[in-house]
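Residue numbers (our numbering): 21 to 254.
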């Protein structure tokens with residue numbers, strides 16, 4: 021029996037029951053929430069989960085809003101459930117920080133497969149992260165970042181970053197593998213309300229960072245642009 025904890029969030033009691041029975045039978049500990057606010061309260065109260073299964077279509081606070089909110093607190097994998105299969109739903113689901121997507125009515129096999137896959141991926145990511153507890157992380161292009169001393173080297177040579185440049189780089193590293201959009205980056209790093217004009221400020225800082233870190237600024241290997249969405253460090 022495994023000890024992974026899953027939070028199932030759906031306003032339909034029948035779906036909550038199906039998820040509880042199905043996942044419990046596989047050895048998961050299942051907690052449920054009947055709406056978005058209840059889910060957010062559980063997360064922010066300090067409860068730890070290994071996966072959140074989240075319905076998109078809920079009254080008051082939909083799944084997209086819930087995901088954006090809990091991403092401020094945790095990087096736990098989120099599997100979205102929806103009765104619709106429109107592309108825009110998928111775009112919203114992924115840009116809000118979701119990890120995978122399942123259309124209702126779903127097959128039990130597919131649900132379990134996706135749940136296992138997301139939990140395993142997160143476990144491997146956490147394991148890899150623990151290797152860097154000495155504060156040093158390596159990026160592409162021979163770049164090493166020491167988060168304790170806030171220093172960066174490339175090929176052994178020290179690179180001088182401004183405080184803001186380091187904060188931006190650290191933010192990307194904290195969200196490694198995830199797409200970071202301009203609004204979140206600006207509000208979290210600059211600590212100010214995001215306005216459209218801020219995108220120019222971000223662009224200038226990213227360009228300066230790339231000039232210092234990348235071998236070829238026109239083909240960045242560290243801070244990658246995800247067109248129409250934002251930036252990502254793998």
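Glycine included, C-beta positions come from ideal geometry on N, C-alpha and C.
Assigned exposure category for residue 23 - 16 Cβ within 10 Å defines buried:
In summary, residue 23 is exposed, with fewer than 16 beta-carbon neighbours lying within 10 Å of its beta-carbon over all protein chains present.
Could you pull out every unbroken beta strand (DSSP E) segment of at least 3 residues lying fully inside the segment 103–143, listed in chain order?
120–123
How should residue 125 be labelled, buried or exposed, when 16 other C-beta atoms within 10 angstroms of its C-beta is the threshold for buried?
exposed
Rounded to whole angstroms, what is the Cα-Cα separation between residue 252 and residue 198?
6 Å
Buried versus exposed, by CB contacts within 10 Å (16 or more), residue 140:
Label assigned to residue 140: exposed.
Going by alpha carbons, who is nearest to residue 210 out of 41, 111, 186?
186
Close beta carbons around residue 89, own chain, < 6 Å, minus the five adjacent residues each side
60.
Quick check: does the Cβ of residue 59 come within less than 7 Å of any heavy atom belonging to the ligand COA?
As far as ligands go, the structure on display features none, and thus does not contain the ligand COA.
Okay, do the segment 42–56 and the segment 129–137 touch, 3+ Cβ pairs below 8 Å being the bar?
yes
Less than 8 Å between the C-beta atoms of residue 229 and residue 188, yes or no?
yes
Is it right to say residue 111 is buried, meaning 16 or more other beta carbons lie within 10 angstroms of its own, or is it exposed?
exposed
Starting from the N-terminal side, write out each stretch of the beta strand (DSSP E) that is 3 residues or longer and does not extend beyond the segment 149–216.
Fully enclosed beta strand (DSSP E) runs of 3 or longer: 156–158, 163–166, 171–174, 177–179.
Buried versus exposed call for residue 68 [16 or more other C-beta atoms within 10 Å across all chains shown]:
exposed
Three-way DSSP call (helix, strand, coil) for residue 237 in this model
DSSP places residue 237 in coil when its eight states are reduced to three.
Is the beta carbon of residue 138 closer than 8 Å to that of residue 122?
no
Roughly how many angstroms lie between the CA atoms of residue 101 and residue 48, to the nearest whole one?
18 Å
Suppose you measure from the CA of residue 168 to the CA of residue 232; what does that come to, to the nearest Å?
20 Å
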